[in-house]
Structure formats: C-alpha cells, structure tokens
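**Student:** Residue numbers (my numbering), protein chains in the order written: chain A, 1 to 114; chain B, 115 to 633; chain C, 634 to 1346; chain D, 1347 to 1658. Ideal Cβ placement from N, Cα and C applies to all residues, glycine included. Computed from a predicted structure; not experimentally measured.
1. Compare the C-beta of residue 1501 of chain D against all C-beta atoms of chain C and say whether one is closer than 9 Å.
2. In whole angstroms, give me the CA-to-CA distance for residue 1228 of chain C and residue 538 of chain B.
3. What's the call for residue 46 of chain A, buried or exposed, on a 16-neighbour Cβ count within 10 Å?
4. Would you say residue 1276 of chain C faces chain D, with C-beta separation under 9 Å as the test?
5. The beta strand (DSSP E) that contains residue 730 of chain C, what's its start and end?
6. Use the C-beta contact count for residue 1344 of chain D: other C-beta atoms within 10 angstroms, 16 or more gives buried, fewer gives exposed.
7. Alpha carbon to alpha carbon, what distance is there between residue 294 of chain B and residue 338 of chain B?
8. Applying a beta-carbon distance threshold of less than 8 Å, which residues of chain D neighbour residue 38 of chain A?
9. Unbroken alpha helix (DSSP H) runs of length 4 or more, entirely within the region 952–1020 of chain C: which are they?
10. Rank C:859, C:880, C:957, C:870 by C-alpha distance to the C-alpha of residue 935 of chain C and give the top, closest one.
11. Can you grab the Cα-Cα spacing for the pair residue 367 of chain B / residue 1014 of chain C, in whole Å?
12. For the alpha helix (DSSP H) that residue 751 of chain C lies in, which residues bound it at each end?
13. Can you tell me whether residue 41 of chain A is helix, strand or coil according to DSSP?
14. Using a Cβ-Cβ distance cut-off of 9 Å, determine whether residue 935 of chain C contacts chain B.
15. Return yes when the Cβ of residue 608 of chain B is within less than 9 Å of the Cβ of residue 775 of chain C, no when it is not.
16. Check residue 1244 of chain C in the structure and name its three-state DSSP category.
17. Nearest CA to the CA of residue 907 of chain C: which residue from C:1162, C:970, C:1139, C:1074?
18. According to DSSP, simplified to helix, strand and coil, what is residue 1611 of chain D?
19. Can you tell me whether residue 1492 of chain D is buried or exposed? The criterion is at least 16 other CB atoms within 10 Å of its CB, across all chains shown.
20. Once the 5 residues before and after residue 336 of chain B are set aside, which same chain residues still bring their CB inside 6 Å of it?
21. Based on the DSSP secondary-structure assignment, which residues constitute the bridge partners of residue 187 of chain B?
22. Is the distance from the Cβ of residue 418 of chain B to the Cβ of residue 466 of chain B below 9 Å?
23. In terms of residue numbering, what span does the beta strand (DSSP E) encompassing residue 1568 of chain D cover?
24. Give the C-beta separation of residue 38 of chain A and residue 1502 of chain D to the nearest angstrom, bearing in mind that I take them to be a contact with Cβ-Cβ under 8 Å.
25. Is any beta-carbon of chain A found at less than 9 Å from that of residue 1299 of chain C?
26. According to DSSP, simplified to helix, strand and coil, what is residue 20 of chain A?
27. Can you have a look at residue 1287 of chain C and say buried or exposed, based on whether 16 or more other CB atoms are within 10 angstroms of its CB?
28. Which runs of the beta strand (DSSP E), 3 residues or longer, sit entirely within the region 910–947 of chain C?
29. Can you look up residue 479 of chain B in the DSSP assignment and give me helix, strand or coil?
30. Does any CB atom of chain A fall closer than 9 Å to the CB of residue 1535 of chain D?
31. Using only alpha-carbon positions, find the residue among B:115, B:222, B:170 that is nearest to residue 134 of chain B.
32. Does the CB of residue 18 of chain A have a neighbour CB from chain C at under 9 Å?
33. In chain C, which residues lie with their C-beta within 7 Å of the C-beta of residue 123 of chain A?
34. Please list the terminal residues of the continuous alpha helix (DSSP H) segment that includes residue 1281 of chain C.
35. With 9 Å as the limit, tell me which residues of the region 476–491 of chain B have their beta carbon closer than that to any beta carbon of chain C; keep them in chain order.
36. Is DSSP giving residue 533 of chain B helix, strand or coil here?
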C-alpha cells in the first residue's frame, strides 16, 4: 500500500519495454476498431470504443512512464471523464433509438446517409 | 481602418441580429446595411484610386511577425466599384425580403450580413489566403439561404451549388498553392501577398506551369462566372433561391468569378492568357448563344432570367479577354450593370411570386392590367437588360463587343479576339431581345391570366407598395445614370485597367504603332 | 482624382480636336432643347400617369414640347451656315488611355441633311401629336399618358438619330426609335396580335441593329473614329488604308445595308412593318410611314462616302435592286389586301423601296426628296385612314365602306385622302410626281447591272401603285354611301343604343391636322422649283452640304463625273424629260384601271377575282398575293421553327447531357468507384467509420513508409 | 525489408482474427485462434530483438507483461466475437482488469485502480443495465434467441482489413519512431523530479524532516546527491528515505491541480453537461414510455416509428 503513495525508484525504461506496451496498445486499438467496424449492435459498438480508449490509456501511461512525466496519467483521468460522459449520453441515446425502432442494429440508422 | 470596418461591421450586425429578438431583425438588418452603404460612400469619396493606378483603403495587418498570411486589405478602383455595388445591393436585398421571409427571419438576415462581410472581404483582400477564405466563405451563407428559404427543390439546388462551386474553387486553390509553393522555392519564404505572387508568377513560371495555373484558376472562376460548360448549377440555384438570394447571387456572387479573372488570371499568367484566350472567347460566345436560345424556350421565368445571366456573363468574359481598354472597361461596367438590371429582374419576379406563388409563364400573364407599376418596372429593366442605348446595359455590351471586335490580327487595336468573335457574340443581342421580349410579352402583356387558386395576398396590395417601389427605384436610377453618364465609371476605373493591361506589352505596343486617328 | 472632382467634371471638358471644315459651335447649346423637350414631356407624361390624370393634359404637354422642338429646329435652320456645325451637348461615352481613346458624346452634327430630317420629323411629330390628342381621347387616363409618353420617347430618339454627330449616338437613336415603335405598336397590350407585332418589330429591327453595331465597330477599327466629321476627313485622306484589311472597309456598306433594310422595312426584313399596323393609327402615320422608317435612308445617305469607296459601287447596285424588288413585291401584296391600313403599310414598304433605289442609282437627292414628300402624303393617308377607323369603330375593310365623301363631316377626310392618293400615285404636278420622277429617271441615267430593267420594273410598280392607291380611294370615298361598323367598340358614346350605328366624324384637331398635312403634301412640290444654285431646288441644296452630296446628279455632272456616268436614254430621249411623260402616263393607266374596277363597275373586280381563282393555272396568283406571297410562313418555317426546335434540343442537351450526364455523372463517379471497392458510401455508421479508419491507417502507413523507410523514394 | 516485418506479423494475427470471426466450423475458428496467438507472439518477439534490452533484469516484468497482454488481447478478441452482448461486456471487464495489470507494471498505481473503479465499477455496470433493458424489451416474444444483427458480422472482411491496416500502421510507427524519442528518464531524473515535487509539498516536507530529526524552523534545501534525496541546511545533512518521498499518485495529483487546473474545470463542466444531457434524454424516455402505458391501457399506440412530435 505504501508503494501507491510513496516513490518507488526504478531504472530507466528500455526501448524494448516501451515498444511492448505500445504494440499492445496498438493491437488493442485495432481489435477495438475491428469490433467497431464489424459489430452491428450499437451497445457493443460503444463497448468497442471503450476498448479503444483502453488502448489509448496504455499508450499514455507508457509514454508518461518513459518520460517520467505524469501528465500522461493526468490525461488518462480526462479520458475517464470523457468515457463516463459518453457512456451516460450515448447509452441514453441508444435506449432512445432502441425504443424508436425496437432494435439495436446500427444498420437501421442511416440518417447520416447523404 | 475603413476597409476593416466594411468587413467587420456586417459581421457585427449579423451577430447582433442573431442575438436580438425576431421582430427587430429586419429593421436591424436594414439599418445596418444602410449604414454600411453610407460608410462605403464615405470611403468612396475619399478614395484615392479613382482614375489613377493608386490603391486605397489600405490596411497592413500581418497576423504575426512570422506568419506568411496577413490581413492586408486594400482596393484598386475596380474592386472599389464592386464593393460599392455590394453595399448598394444589400439594403435593397434586405428591403426586398421584408415580407417574403416569414419563418426563421432572424437567421435569414444574419446569414445575409455574413454573406456581405464575405463578399466585401473578397473584393478588399490583398492577401491570397484571406481572399480565398472569403471566397469560399460566401458559399456557406448562400448555402443556407438556399437550403432553408428556397423553394421546392432547394435541397438539391443548394447542395449542387455548394459542391459544384466548391470543387471548382478547390482546383483554383491548387493553382494558387502551386504559385505560392513555387514562390517559396524561389525566395525561400512563403508569401501570400497577391501582388508579390502575381509579380513572381509573371516571370517565375515556365510556360507549361503557367498554362496549368491558368487552367486551375479558370476551373475555379469559370464555374463561378459561370462560363459555358460549367454553368448548370446556376439555373437550379437561381430558381430555387429566395429572392434576396437570387439577387445577391446574380448581383455580386457571379462577379466574384469575373473579379477573380481580373484580379488573378490576367495579371498572373499573361503568357498563358494570350495562349488560351481564343478558347475562352469561343466558350463565352457559345455560352452567349446557347444560353440565350435556352432562355427562349423556358416557361419558368426565374429560370429564364437565370439562363440569361449565363448569356450575359459571356459578354463580360469576352470583354475581359479582349485584353484592350475598351473590352476591359466594358467588362467591369458589365459586372456592375448586370448586377443592377438582373438584380432588379429577380426582385420583380420575386414580387410577382409573392403574389401569385408561381413562376410559370403559362399560368400567369397579362399583369399590366392589374399591376401597372410593376409592369413599368419590368419593361424598364428588361430593356436595360436587352441593352437599349441610354440605359446601362448598352454601354457595357457595346464596349465589350467593340473591344473584342477591335482585337485580332487584322484589327487596328490590340487584343486577341477579333471581328468574328464579336460578330458571333453580337448575335446574342438579337437572341436577348427574343427571349426577354417573349417573357415580357407573356407575363406583362396579353390577356390577364392568373392561377386558378389565386387569391389576394393578405399583406401586399395587388400592385407594388411603397416599400417595393423603394427597392426598385434606386436600381432604376442606377441604370439610367450609368446609361447616360458611363464616363462616371469608365473614368474612375481607367487607371486600374491601364495598369492591368500594361502587363500585355506587346499587344499595347502594337496598338501604339497601329493607332491611326485622324485628329 | 476624387469622386467629387469627377462629379464636377460632368460637363464636357475636352472638346474634340476641331477639323478644319467644321465649326465648333460652342454657343449653340440651346440646340439640345430638341432632345430635352421630348424628354421633359416624357417625364411629365409619366407624372400624369402617376397622378391618375384623366384630362388631355399629356397631349398638350407633348404637343407643346414637340412644337418647341420644331421651333428650335427652325432656329437651327435659320442659323445654319454651310458646311456644318458640331454642337456638344453632354459627355457620354468617353474613354481614353495611353495612345488612344474612344469618344462618342451626345453631340449634334448639324448640316443640311440632318436639318432636312429634323425639320420634318419635329414638324410632323407636332402635328400628329395634335391629331392624336383627339384620336386617342377614348383612352383618356393611363393609356393616354402611355401613348404620349411613347410619342415623346420616339421624338427624343428620332432627334438623337438624326442629329447625332457620331455613329454611337445614332445607334442610340436607332434602337430608341425601335423601342418607341415597340412601345406604341404594343399600345393595345391586351390584344395578342398587337403584342406579337410589337415583339416582331423589335426583334426584326434588332437583326438590323446587329448590322449597324457591327458596322460601327468596323468603322472604328477601320477609320479610328465614329464621328462623321472625322470619318469624312479620314476617308478623304485615305490614311485608313495602311491599317486595315481590304475586307473590313468593304464590309461596312453591307452591314449598314442590313441595318437600313431592317429599320426601313426592305427585303428581306420588311415583314414587321405591315404587322406594325396593330398600333394606333397616329403611330402608324408618324413612325411607320413618315419618319422612323426613313431612318435607313438617312443612314445610307449619311454614310454615302463609305459606299462610294468601292469604285465599282457594288453595294449601291445591291441597294438599288433590293429597293426595286421590294417596291414591286410590296406593291403586288398591297394590291390584293382589303385592310386599308395594311394597304398603306405595303405602300410604305414599296415607297421606301423607291427611296433605296434612288440611293442605289446615285441620286441621294431623289431619295431625300421622296422621303420628304412621302412623309407628308403618307402621313396624310394614314391620318385619314385613322379618321375612318376612329369614326367607324375600327372598320378598315374597304369592301365594307363606301361613299365617304358624300357623308356629312367627312369632306376634309375624303379630300385629304384624295390629295394623298394623288401624290402617291404620282399624278402629274403633285409632289410625289416630281420626287418619284427624280428617282425613276436616274435609274435610266446611271449605269449599273440591269438598271435599264430596274427602271422599267420601277415604272411598272408605279403603275401598280397608282392602281392600289386609287382602289382605296374609289372604294372608300367615292361611290354610293354605305358602311358597316367595325367590331371595336371602345367608348360607348356612339354605341348601338338604337340598334343603329352612327359614324363619328372627325372634329377640329383631326380635321385641321389632316388639312394642314394634305396641303403640305401639295406644297411639298414647291421646293423642286426653288432654285438655289443647284439643279433640284431646295432639297438638292439641303443634300448638297452633306456627306450625301455625291448623289446629286447636277453636282456629279459639275464635278466632271459625266464621263463615267454617261447619260442613258429612255426611248431615245433624255430620261429626265421623258420621265415626266412616261410616269404620268403610267399613273393615269393605273388610276384608270382602278376607276374601272373599283368605282364604275365594282362587280367586275369580284368577277375578275373569281375568274382567276377558278382556273388552276392562275389561281395561285391572287391567293399568293392575298397571303402576302407566304413570306411570313416561309420565314416561320425556315427560321423560327428550326430555331425553336433547336432551342428545345439545346435545352434538352443542357439538362440531360451537360447537367445530368457530365456534371452529376462526374459528381457520382467517386461514389460509384467507392461502391465498386466496398460499400463504404451507403451512409451507415459502419461505412463511414470504415472509410475513415481505413483512410487514416493507410495515410499513416504511407507516410511512415515514405518518410522513415524511404520505400517509394 | 526488415521494416515491413511488423506489418507481416500483424497480417498473420489479422488472418487468425478473421478466421475466428467468419462463420465456420469450430476447428477452423480454433485454428484461427492459434494463428492469431502466433502472430502476436511473433510481434512480441520482434520487440525483444530491439537494441538495449536487458533481458535478464526485466525477465519478471516481461513475464508478467506477457500474461497481462495475452489476457487483455484474448479478452478483447472474445469481446468482439461474442454473439451475446452481455458476454462481450463481461469480456470487456476482463480486458479492463488485465489492462490494470499492465498499468501496474508501468507503476501507474493510481491509474490502475481508478480505471478499474470507473470502468469496471461504473461504466460497465451502466452498459449491463442498458443491455438488459434493451434485450428485454426487444425480444419479448423470443427470449434467449440471439438477434440476427448480433450473429452476423457486418462486412467482416473490410473491418478486419482496416483494423489490420491500422494495427500495422500503428506498430510500424512504433518500430520506426521509437528510436527518434528522447532518452528515457533514468533514475537521476526520476529522483530529481521527485525531489522537486517534494520541495513543493510543505506538509510532507515538514513531516519528513521532523522524522529525519531536523529541528523545526531550520532552513534546509533539498538536494539530490548520488540519486539520493538529501536535506541540507543549518548544519544538518540528512537523507530523506524513499518512503517519505511523494509517490506516483501524489505526482499525478500535483500535476492535475498544478499544471492542468483549467482542464480539470473543463472536465467538470463536461461531466455536468453530460448529466444535463442525460436528464434531457431521460425525459424523452419518459415520453416514450407513455406509449407503452397507452398500449397497456388499451389506447391507440402512437406508432413507435413516428417522431417525437407525435408524442409531445
């Protein structure tokens, strides 16, 4: 517990370390993107965006660790904020849309067309 | 300062309208536009550029020390004339939409003011980026004016208008950027000063480059003008736009194209212009005749006037590319005159539409019986448009044609077109008489025909009311004044035109040698 | 230069460089009154219309101002000294640039030719406006104002046309009179025929205007000026030759001809004039008989030096032949019409043909003289026709009117018409006799391609003229009294309350004007005998000072042109002498036939027509003549219909090919491409997202490959 | 061309993913799973081949990382391939948890736990609620049947291609760009930064100094000597032990309030607006609910496809 509040000294990250985290982040992002593009359920699509957020979180924190700059983590807090706000609004909208058409299929919503 | 005000005030008024209550919006707009008009008159009185090559209304305001973009404003006399045209038409456009716009009035007038700011910005910009931003930004308010307040087919019309002209100007942007890039390559720093770029482009571009730059710029400006094969957005947009929109579209927005030709194409790439002029001349002539004949078989009167704009602007471009003083003078005059007379025709059609809710010449006609005042104005502006000597249309048409005529290898006067161009273009005069008199014959004269379900407008009298007359009278006065005293304008813009033509030295020198006047 | 200082320079500052021969009459600014008075009258009429004036005020204003114009013109005449004055009035088109300039101001060029024209234009204008004050009284109110405003516009434009010192101002007048004609022909704007006729007149005239415009351009490019005085100087100096192609100078006469044939209703552009009779009759008298239609002759006379530049005079030969053929054609049509106003219209076309023939056979003097006399007698004829029309509720059919001279109140009308007819028919010692002879004789004198035949043709036409003229008079004014009312019941004061129609005789204004003009028509013979040094009297004098002086036979002879133009002969006699007898004889024959068929034995005319129609070999003749040789139909089929169809085709091309295929097709191309690759553009979230993400990813990869790995470098 | 190897590896992984996603026999899908795992492992091995890697020292962390990474990736793939949205959500929880592990490896303690709390605790629960709400309402008559739009993927080929491109692009940029990064912060820099922060936190400083036996009121300066924080002044020179120095959580907190106060405010406003928005939308939901009420009361139901205009 004390580690959470007190400094732990660590050696510098190697490039290989950073690369691993970033590759993980990229892959997670890509999987999230893939899900977003292939799934038709609106809620799952939103989940996939959250997954992409997770990927971004990892990248931010990894870079922050690399530079020993904590603004990376601060940014993660903002990501959380946005994710929360998005969840509230988007899910409300999804429910609204679902009520309207009685389906969660994104393909039925083509008003963006033209 | 004055130039900044001319751009900023409309924006301010627009914002003010947007935040004030619906019922005062039109009064605010009227007061604002009138104020700006007075301001522009004041600016014009002090303007040093009349008859000289000087620039006026100068503002030098770099955004920052390092930025290549600036907020440099200024006007030569041609630009000033067009600014005056803009500020003159705006109060009329506001007054003309007084009762025509019933829903979302606040937005309407706010957009109108934004439009004015953008148009003035185009004419006053001395920085390429500023010019381009304003040039493109005119599309946005116009898009909304058409898309929200237009008639039945407005969605398609507004989209087409936007996409078409936008695509064209993107090509022009490519041309501009190329010139800018070449400039940066040459001098190691970017600059977007129109003057600097033009001066560079004249000498710094190879013939091939200049040719491509010309084509790119033509793509942008010819769509705006519109020149023959790229004109089809215009009839649709004009027909669907609300009255004020049509008036501004015909009165000023089309002039952005010809102004662009004058400001960029002619000074930037003279060599390429000389090479391509015959083709442009032919396109103008085809446009004149082709659009004129199409006018003749229209049954929608607004579409007729819209096509007539295509035909008329053909003369304007022809004069511009005659590359001699008469042609260029005529062309600039044409910009103003077309704005006055065609603007007035759109007003008149709007007034008719407000009362009868149709633009079909088959279902409405013979209005001289019930709307004598309207009919008088209609006939008057049709004659101005036909080019009756003594009214404004004649002078500009005459000068454009004589300019085109005088050029050519066998001609006595410089320029690159020739008698044949003018001879074919002049057929447009006959065709103009054919279609415009056909229109007058149908809607003004003949037996009274009204749509079956017609009943009187609840607010407007059968004939024009004082407000509507107040819209038309200034335009009529403008037509007469420019018709009998064209030297007012020609003297004023002579300097700038000489300046522009001085870039065509061989032509002018040839002129000097060949001029034989038995004085 | 600031705007204010520019405004203050509105008065003409830079006077053109004076040419040696021409006075710069700076003190004659008052001459501008000729223009300004009709303009004022126009404005006043407009004000009257706005104030819903229902009195005859507009008429009096117009008559007053036109009389003022006439008086001014008289003063100009009295102050006139040869060779001519340029009077600058107002600055108009005035461009200048390094090494040149273009100048066309509102300035007058006052020489004898313009004075001749302006005198009869303003004089007849005043008289006819006075006549119209009574004629138009049924339309008191806005129509009345409209009418007199139109007359004012016409007089303004016509004065500008005649007095212009440059071709551009002439063009202003030229189009201005065309517009006034449009205005007045379309006066009864609820009548579809009137609207169509007005439109036709304007458009056909526009074709002529096109020629004039091109001619102006050519003059400018060839001679470097559009001002008459400078033009003459340049032509005389011959300097123009080194800066122009041969064709450009040679083309000017042809373009001017096109203009003149349009305005003066010659082949092939005459078709508008007969239709123009839809306008009120005073308009027909003033514009479509006396003044406007002679503008073509004025133009050619004014630009005569350009015609003479070509040593072969080819252009003039064409003018002569076109004039002669038009005269014949119009006369044959006129013979077969029943509408007296139409007959007069065709006779106008025919007489204008004579005038062109005169110009073509090198007698500008004859042409000008005929213009002058024709103005009077044709005005008299039209005004009397108008009186008939006015009195008989629009009745114009000569079969339904008879014996007018025996009716109470119609004496002046009948005898004024008789005078007009006599002059038109070339009855000996009337004005028309002398003026027509001056042209006919010269056709035999001058050498040209087939001019001998042209002369005989013109003589034959003169006979036809006499016939159809007196056909009208014998039918309408002579014979037993009988009449039917027309169907035009404007104003019900002479209505059918008792089931019987009362004709409605002309009153003071109309009678006085008809009388004055008829007397004028007779007196117009007098100038012929006013010897003033040149053979041909006052008219020759009036032409002699002008650019058209080449066309005075006596002058030509004096200038030793006699060798070139050796006198032809007519039946072995000097044509000038022989013509007195020959043309008189031909006139008599025509009148005699008319008297036989239309006065003494009217039934013979009917049976003759029936006889011609019954034989298929001859039936085409009366039919074609009555249907005006199908010219309108031919024009419709050859020009208007193809144009109409072509326009529709163009419209279709514009909508389908240019707009739908080219423009919309291009716009759809990216989408089609996209569809071909993957359904990215169906508008769903997925599609947009796929496109967006794929684009970003590709961009990232491409940038990386290029920038970091140098793959494509 | 070695630079393209990451692309190839992601391609292999993508092929595996495609095999999993495409409808087909179970064996193929499992094979796809193996291919995908192989691709990922190859990619990871490539990271190990990069210079400067002290494999022995980092072995433990590497092992932990591989476990967490594998868990999160597998969870993610499961999440997007599950037919039932509820399972997707649950797998997402797995992803979040394993991500937390990764964050812990990065010594981002606070972040790790807040992500768990906010995501797994709050956001995911909301998702579950909505899912259940929607599922219940939509399939009232065939409960348990998976709707077509959950069974069939939408354009799987295009999606996978784009995702593979994206993954390739991103990993490629990692591989090509990492060498251009500035040097990582070594121990010295870390200690320096910590010492600076420590100097800025008066209460922590006082407590630490007191603990180290420095009398109150002594003017000391905090300096770093040989990567160890010292307090020097007034004749004292004491070492501040590591546990008395601020940790990463304090660092984050300090950064948040000292460096990005405005952003913090904005974030608050965003949340507030989201709350307003949710309330507004919720009101509409009540409107919509009236339809169901009307239906249950036997009244005419306003057609659900109609706009809200009908309901208001």
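**Tutor:** According to the data block:
1. If you number the fourth chain from 1, residue 1501 of chain D lands on position 155. Answer yes: the Cβ-Cβ gap between residue 1501 of chain D and chain C drops below 9 Å somewhere.
2. Residue 1228 of chain C sits at position 595 when you count from the first residue of the third chain. Residue 538 of chain B sits at position 424 when you count from the first residue of the second chain. So the alpha carbons of these two residues sit roughly 53 Å apart.
3. By one-based count along the first chain, residue 46 of chain A stands at place 46. Around the C-beta of residue 46 of chain A, 16 or more other C-beta atoms lie within 10 Å, and the residue is accordingly described as buried.
4. Sequence index remark: in the third chain, residue 1276 of chain C carries index 643 (1-based). No - not a single Cβ of chain D is within 9 Å of the one on residue 1276 of chain C.
5. Here residue 730 of chain C refers to the residue found at position 97 of the third chain. Counting along the chain, the beta strand (DSSP E) containing residue 730 of chain C begins and ends at 718–730.
6. The first residue shown for chain D is 1347 and the last is 1658, placing residue 1344 of chain D beyond what the model contains.
7. Along the second chain, read from residue 1 onward, the residue named residue 338 of chain B stands at position 224. Along the second chain, read from residue 1 onward, the residue named residue 294 of chain B stands at position 180. Rounded to the nearest angstrom, the two C-alpha atoms are 22 Å apart.
8. The count along the first chain starts at 1 and reaches residue 38 of chain A at position 38. Within 8 Å Cβ-Cβ: 1367, 1426, 1499, 1500, 1501, 1502, 1505, 1506.
9. 973–993
10. Position 302 of the third chain, counted from the start, is the residue given in the question as residue 935 of chain C. Nearest option by C-alpha distance: C:859.
11. Locating residue 367 of chain B in the second chain gives position 253, where the first residue counts as 1. Locating residue 1014 of chain C in the third chain gives position 381, where the first residue counts as 1. Their backbone Cα atoms lie some 55 Å apart in a straight line.
12. Against the third chain, residue 751 of chain C aligns to sequence position 118. Residue 751 of chain C -> alpha helix (DSSP H) spans 745–768.
13. Your numbering for residue 41 of chain A matches position 41 in the first chain. For residue 41 of chain A, the three-state secondary structure derived from DSSP is strand.
14. Start at 1 with the first residue of the third chain, and residue 935 of chain C comes out as number 302. Chain B, which has no Cβ nearer than 9 Å to the Cβ of residue 935 of chain C, makes this no.
15. Residue 775 of chain C sits at position 142 when you count from the first residue of the third chain. Residue 608 of chain B sits at position 494 when you count from the first residue of the second chain. No, these two residues do not count as a Cβ contact at 9 Å.
16. Counted from its first residue, the third chain places residue 1244 of chain C at position 611. In the three-state reduction of the DSSP assignment, residue 1244 of chain C falls in the helix class, which pools H, G and I.
17. By 1-based counting over the third chain, the position of residue 907 of chain C is 274. Taking only the C-alpha atoms, the option nearest residue 907 of chain C is C:970.
18. Looking up residue 1611 of chain D in the fourth chain gives position 265. Note: residue 1611 of chain D maps to helix in three-state DSSP.
19. Mapped onto the fourth chain, residue 1492 of chain D falls at position 146. Its Cβ having fewer than 16 others within 10 Å, residue 1492 of chain D is exposed.
20. Here the question's residue 336 of chain B lines up with position 222 in the second chain. Counting only Cβ-Cβ distances below 6 Å, and skipping sequence neighbours, we find 344.
21. To locate residue 187 of chain B, count along the second chain from 1; it is residue 73. Its beta-bridge partners are B:173, B:239.
22. Here residue 418 of chain B refers to the residue found at position 304 when the second chain is read from its first residue. Here residue 466 of chain B refers to the residue found at position 352 when the second chain is read from its first residue. Contact: no.
23. Position 222 of the fourth chain, counting from 1, holds the residue named residue 1568 of chain D. Annotation for residue 1568 of chain D: the continuous beta strand (DSSP E) segment containing it runs 1567–1571.
24. Against the first chain, residue 38 of chain A aligns to sequence position 38. Against the fourth chain, residue 1502 of chain D aligns to sequence position 156. A Cβ-Cβ separation of about 5 Å places residue 38 of chain A in contact with residue 1502 of chain D under the 8 Å criterion.
25. Locating residue 1299 of chain C in the third chain gives position 666, counting from the first residue. No, residue 1299 of chain C lies away from the interface with chain A (no Cβ there is under 9 Å from its Cβ).
26. Taking the first residue of the first chain as position 1, residue 20 of chain A is located at position 20. Note: residue 20 of chain A maps to helix in three-state DSSP.
27. For the purposes of this step, residue 1287 of chain C is identified with residue 654 of the third chain, where counting begins at 1. Buried, because 16 or more other Cβ atoms sit within 10 Å of the Cβ of residue 1287 of chain C.
28. For the region 910–947 of chain C, not a single whole beta strand (DSSP E) run of length 3 or above is found.
29. By one-based count along the second chain, residue 479 of chain B stands at place 365. Residue state, collapsed to three classes: strand.
30. In the fourth chain, the residue the question calls residue 1535 of chain D occupies position 189. Residue 1535 of chain D counts as touching chain A.
31. If you number the second chain from 1, residue 134 of chain B lands on position 20. It is B:222.
32. The count along the first chain starts at 1 and reaches residue 18 of chain A at position 18. With 9 Å as the cut-off, residue 18 of chain A does not count as an interface residue toward chain C.
33. Since the first and last residues shown for chain A are 1 and 114, residue 123 of chain A lies out of range.
34. Numbered from its first residue, the third chain carries residue 1281 of chain C at position 648. Unbroken alpha helix (DSSP H) run through residue 1281 of chain C: 1274–1285.
35. 480, 482, 483, 486, 487, 489, 490
36. Residue mapping note: residue 533 of chain B aligns to position 419 of the second chain, counting from 1. If DSSP states are grouped into helix, strand and coil, residue 533 of chain B belongs with the helices.
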